[in-house]
Ligand code: NAP
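In the working numbering, the protein residues as written are 17 to 543.
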């Protein structure tokens, strides 16, 4: 093969299509039984994208983006999965995708300049290039709790949801975790179950989605000039929401009335662009405090029980942990069948056969939902068992953190590419846009190598060091490093604390373009 691609989510599918168009032979190995990546696994109740569907979609084919009809502003998981299936069928992708194919190792051979990919069943394939399209949030974090093996009920993880669904009728349910997954699932589970106990270690800031069916007139207007709509989005920091520009004033400088006007408007609109009401919410603590306090007051105005309302008010900087978008989350705590258990001071002590004990009190439970997130950005890459030049494993190369060049490559790993890897804007963007950028860069780079008789591309150590310094430098100018987020790897015990994604999509794109135009500056190209 020219290219072995790992993962058949949105990144892997487009990578395969792009390889074919460039005349490269390619095969995709996918551990799941179907396409869709994160949308294949995350089937929990309420799972929905928090990027508007007209943006969270491919733009490489005008026909595709014209013919596909999204039904809601924010698409549900089943609808996104149907879209992924549609794309796979429309572009005849499945004939080059091997499903239920778990990659156990990928090893570089310096003498042949080839990579060998080995599957769990022992099958091996050699290729000139490897593209890891494994997703940023695809390695489930399943913390163990004392006594959880004695629990007589069922334990399920949002990121590995049973395909047949879970019936909560008449059950006492525990949800552990209040990030995006938990916050989406909690209102729906609360409606279905007998009693829901939410176990919260850190409160999240969440903004209402105000989801609704898509207005056909709005869809027509976007589709009448889809490319301009897409181009505007790509000029924003998060490659998202070009129609709602970021405010031009500082939240620390406006009057109380102006602050309230801007934030009320953004709250009423809903969604992730809430934080763009002012131009400095993520770089100026005084501004962030004012925005955060406004949301804290909002929580108090929605949640009737003052003690619960207080527990639901995050103490962190708003936006430091990934902002959440919800449908009826805070309102759910006004239901008589929902209670909140605070773990911030006292963690879960243990599981018993019939419940969960915190601070000496047992909460009776039949089903436990772990909404405990992922070993983000590096977890799935490290699970591939990658070994590069001189027998050095990726795990060793990343012992102190995921060093990389442009978030696309790693020194010591020739002809190996990552899509939305650490060091790229990835999770701080509409990831479909980042995927497109990476896929097209990787394909054109391989074509360039072939056209110029180069067999090998590898980031130099110097270029990698400067890139890592650049990413750290940008992150340190923001408020992102001020809390224990998964962006920093802080949710996984023992993981090096490094801010992994790079804030700012447009600047990133220009930097990558400059590297390319400058004869692949920072890479060694070997004839
Ligand atoms: P997450 O944001 O990492 O949240 C995990 C939650 O579990 C946190 O509240 C965490 O508490 C808690 N937790 C972890 N281990 C625990 C333990 N041992 N005891 C008690 N609590 C524990 O994970 P997620 O909710 O799955 O979301 C991950 C990311 O996926 C999101 O940030 C988003 O980027 C993406 N996502 C997007 C959507 C969407 O598009 N709408 C939906 C779902 C997910 P701490 O905060 O204290 O660590």
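Just so it is clear, CB atoms sit at the ideal spot from N, CA and C, and this is done for glycine as well.
Since this is a predicted model, take the numbers as computed values, not measurements.
Anticipated Cβ contact below 8 angstroms, residue 100 with residue 57, distance rounded = Actually they do not touch by this definition, with Cβ atoms about 12 angstroms apart.
What does residue 56 pair with, by DSSP beta-bridge criteria?
-> DSSP output for residue 56 lists no bridge partner at all.
Could you round the C-beta distance between residue 428 and residue 439 to whole angstroms and report it? I think they count as a contact, below 8 angstroms.
-> No, residue 428 and residue 439 are not in contact; Cβ-Cβ is about 15 angstroms, not under 8 angstroms.
In the structure shown, what three-state DSSP assignment does residue 65 receive?
-> coil
In three-state DSSP terms, what is residue 443?
-> helix
Given residue 126 as reference, the closest of 403, 74, 33 once Cα atoms are compared = 403
For residue 144, three-class secondary structure by DSSP | coil
Bounding residues of the beta strand (DSSP E) (the contiguous stretch that carries residue 160) | Note, residue 160: premise wrong, no beta strand (DSSP E); not H, not E.
For residue 387 and residue 174, believed in contact at Cβ under 8 angstroms, the rounded distance | 5 angstroms
Residues that residue 434 bridges to, as DSSP identifies them | 148
Start and end of the beta strand (DSSP E) containing residue 81?
-> Run containing residue 81: none in the beta strand (DSSP E); it sits in the alpha helix (DSSP H), 78-83.
Within the present structure, is the beta-carbon of residue 215 separated from the nearest heavy atom of the ligand NAP by less than 7 angstroms?
-> yes
Going by other Cβ atoms of all chains shown within 10 Å of its Cβ, with 16 needed for buried, is residue 37 buried or exposed?
-> exposed
With residue 121 as the anchor, note down where its beta strand (DSSP E) starts and where it stops.
-> 119-125
Can you tell me which of 469, 366, 235 puts its alpha carbon nearest to the alpha carbon of residue 82?
-> 235
CA-CA distance, residue 140 and residue 467?
-> 28 angstroms
Name the two residues that bound the continuous beta strand (DSSP E) containing residue 342.
-> 340-342
Residue 544 lies in the beta strand (DSSP E); which residues open and close that run?
-> The requested residue 544 does not occur in the structure, where the chain is confined to residues 17 to 543.
Could you give the DSSP three-state label for residue 239: helix, strand or coil?
-> helix
Within 8 angstroms, strictly: CB atoms of residue 147 and residue 51 = no
Could you pull out every unbroken alpha helix (DSSP H) segment of at least 4 residues lying fully inside the stretch 234-300, listed in chain order?
-> 242-250, 272-285
Pairwise C-alpha distance: residue 405 and residue 155 = 26 angstroms
Below 8 angstroms between beta carbons: does that hold for residue 287 and residue 372?
-> no
Helix, strand or coil at residue 474 [DSSP, three-state] = strand
Is residue 446 near the ligand NAP, judged by its Cβ being under 7 angstroms from some heavy atom?
-> no
Terminal residues of the continuous alpha helix (DSSP H) containing residue 184?
-> No alpha helix (DSSP H) holds residue 184; DSSP gives it neither H nor E.
With respect to the beta strand (DSSP E) encompassing residue 204, which residues constitute its N-terminal and C-terminal limits?
-> Per DSSP, residue 204 belongs to no beta strand (DSSP E); it is in the alpha helix (DSSP H), 196-208.
With distances taken Cα to Cα, identify the nearest neighbour of residue 163 among 536, 378, 398.
-> 378
Quick one, which of 425, 501, 46 has its alpha-carbon nearest residue 389's?
-> 501
Cα-Cα separation, residue 480 to residue 210 | 54 angstroms
Near residue 354, what residues of its chain come up, given a Cβ to Cβ distance below 6 angstroms and the 5 sequence neighbours on each side ignored?
-> 206, 212, 348
So what's residue 459 in DSSP terms, helix, strand or just coil?
-> helix
Cβ of residue 66 versus every heavy atom of the ligand NAP: is any distance shorter than 7 angstroms?
-> yes
Since residue 315 contacts residue 325 with CB under 8 angstroms, what's their CB separation in whole angstroms?
-> 6 angstroms
Are the CB atoms of residue 330 and residue 220 nearer to each other than 8 angstroms?
-> yes
Do three or more CB pairs link the stretch 263-282 to the stretch 454-472 at distances below 8 angstroms?
-> no
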